[in-house]
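The end of the sequence shown is residue 67 by the numbering used here, with every number in the run present.
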Amino acid sequence: MFLTSVNLAKAKSKTILVQMVSAAGTGYFFNTKRNRLREKLVLRKNDPFVNKHVLFFEKRKIRSI
3 MFLTSVNLAK AKSKTILVQM VSAAGTGYFF NTKRNRLREK LVLRKNDPFV
53 NKHVLFFEKR KIRSI
């Protein structure tokens with residue numbers, strides 16, 4: 003049995019963890035998962051600082067899951 007040196011590529015995960023930031027400018031954020039192949043998320047959720055439903059935009063990728 004011979005061992006060969008084969009450099010295999012690491013598989014990428016299907017989901018990533020992203021940070022969602024409030025459009026109201028309060029600085030409130032939360033983290034959520036999304037599919038890697040999907041475009042950036044925009045969600046409508048409650049912002050507790052203004053106590054209203056506002057849009058949340060994806061700011062940055064935190065890590066792969």
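Positions of the beta carbon are idealized from the N, C-alpha and C atoms, including for glycine.
Looking at residue i: is its Cβ nearer than 8 Å to the Cβ of residue j?
i	j	result
T17	V52	no
K63	V8	no
Could you check which residue in the options has the C-alpha nearest to that of residue i?
i	options	result
L39	L10, K14 and V8	K14
F58	A26, N37, I67 and P50	A26
K61	F31, A11, H55 and D49	F31
I67	A11, P50, E41 and T34	T34
What residue range does the beta strand (DSSP E) around residue i cover?
i	result
L57	K54 to S66
L19	T17 to S24
F51	No beta strand (DSSP E) holds F51; DSSP gives it neither H nor E.
R36	F31 to N37
Determine, using beta carbons only, whether residue i comes closer than 8 Å to chain C.
i	result
N9	The chain labelled as chain C is not found in the depicted structure, where only one protein chain is given.
Mind checking who residue i pairs with in its DSSP beta bridge?
i	result
R46	L57
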